[in-house]
Amino acid sequence: MRRTLAAILLGTSTLLLPCLTHSQTWVGDSIVNPLTSSPGDVARGRAIVANSQVGLCLLCHSGPFPEERFQGNLAPELTASVGQSTPAQLQARLVDPGRFNPSIIMPAYYRSTGLNRVAPKFAEQTILTGQEIEDVVAFLVSLQ
Ligand code: HEC
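In this note's numbering, the protein residues as written are 1118 to 1261.
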């Protein structure tokens, strides 16, 4: 009886686990499906990129942010990094840059498995949500 109960509880908790990452359809070097049902927003994306607690992009990159005094120089300037990449390619770079360059220092913003040294309270969480990834991609595309 106790074992049945445990099995039921285990089953339920598995069912209740939130789906943390939206499914991604990779084709070559791109993720071709959107990660949310609502389109990305350029202004929100800009705010995420510039925010030193959310996107952290300016820790390494610099970019067209005259109001930000401290910008990074560990990575190319953001407009140059975006180059001529398509939205689907940019999405893939943000989700999992290590796929393209295993030694890259840029974090995987939308991957919850296979990460190193994750504090327990952040286990199985992604750095950005699917919507935030879409917003950042919209902003990056606006730089082109
Ligand atoms: C810890 C440092 C770091 C952070 C934080 C970081 N990046 Fe990067 N990023 C890099 C480096 C280094 C490269 C260059 C990789 C290369 O040239 O192979 C790069 C490359 C890129 C590229 C080009 C990728 C490609 O292969 O074409 C884009 C786009 C980009 N970053 C956007 C972002 C955005 C947007 C953020 C924030 C959400 C961000 N990065 C945060 C270090 C970082």
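All C-beta atoms in this analysis are idealised placements derived from N, C-alpha and C, irrespective of residue type, glycine included. No experiment lies behind these values; they were computed from the predicted model shown.
Return the chain-ordered ranges of every alpha helix (DSSP H) run that is complete within the stretch 1152-1226 and spans a minimum of 4 residues. Runs of the alpha helix (DSSP H) spanning 4 or more residues and lying entirely within the stretch 1152-1226 occur at 1159-1167, 1174-1177, 1195-1199, 1204-1212, in chain order.
May I ask you to check if the CB of residue 1253 is nearer than 7 Å to at least one heavy atom of the ligand HEC? Position 136 of the sequence shown, counted from the start, is the residue given in the question as residue 1253. At least one heavy atom of the ligand HEC is nearer than 7 Å to the Cβ of residue 1253, so yes.
Report yes or no: do the stretch 1177-1197 and the stretch 1210-1217 share at least 3 C-beta pairs separated by less than 8 Å? With a cut-off of 8 Å, the stretch 1210-1217 and the stretch 1177-1197 do not count as touching, because too few Cβ pairs lie within range.
By DSSP, does residue 1259 sit in helix, in strand, or in coil? Indexing the sequence shown from 1 puts residue 1259 at position 142. Residue 1259: helix per DSSP, three-state reduction.
For residue 1230, tell me which candidate among 1222, 1239, 1223 has the shortest Cα-Cα distance. Here the question's residue 1230 lines up with position 113 in the sequence shown. The closest CA to that of residue 1230, considering only 1222, 1239, 1223, is found on 1239.
My assumption, with CB atoms under 8 Å, is that residue 1153 sits in contact with residue 1251. Please give the rounded CB distance. Against the sequence shown, residue 1153 aligns to sequence position 36. Against the sequence shown, residue 1251 aligns to sequence position 134. Confirmed, Cβ separation roughly 5 Å.
Distance CB(residue 1157)-CB(residue 1166) smaller than 8 Å: For this step, residue 1157 is matched to residue 40 along the sequence shown. For this step, residue 1166 is matched to residue 49 along the sequence shown. In this structure, residue 1166 does not lie closer than 8 Å to residue 1157 by Cβ.
Quick one: is residue 1248 buried, meaning 16 or more other Cβ sit within 10 Å of its Cβ, or exposed? The residue labelled residue 1248 in the question sits at position 131 within the sequence shown. Buried, since its Cβ has 16 or more Cβ neighbours within 10 Å.
Quick check on DSSP: helix, strand or coil for residue 1253? Along the sequence shown, one-based indexing puts residue 1253 at 136. Residue 1253: helix per DSSP, three-state reduction.
Which whole-angstrom value is the C-beta distance of residue 1199 and residue 1207, which I expect to be below 8 Å? Taking the first residue of the sequence shown as position 1, residue 1199 is located at position 82. Taking the first residue of the sequence shown as position 1, residue 1207 is located at position 90. The C-beta distance from residue 1199 to residue 1207 rounds to 7 Å, short enough to fall under 8 Å.
Report, in whole angstroms, the separation of the C-beta atoms of residue 1138 and residue 1227, which I expect to be a contact under 8 Å. As a first step, residue 1138 is located in the sequence shown; it is residue number 21 there, counting from the start. As a first step, residue 1227 is located in the sequence shown; it is residue number 110 there, counting from the start. Contact holds; Cβ gap of about 6 Å.
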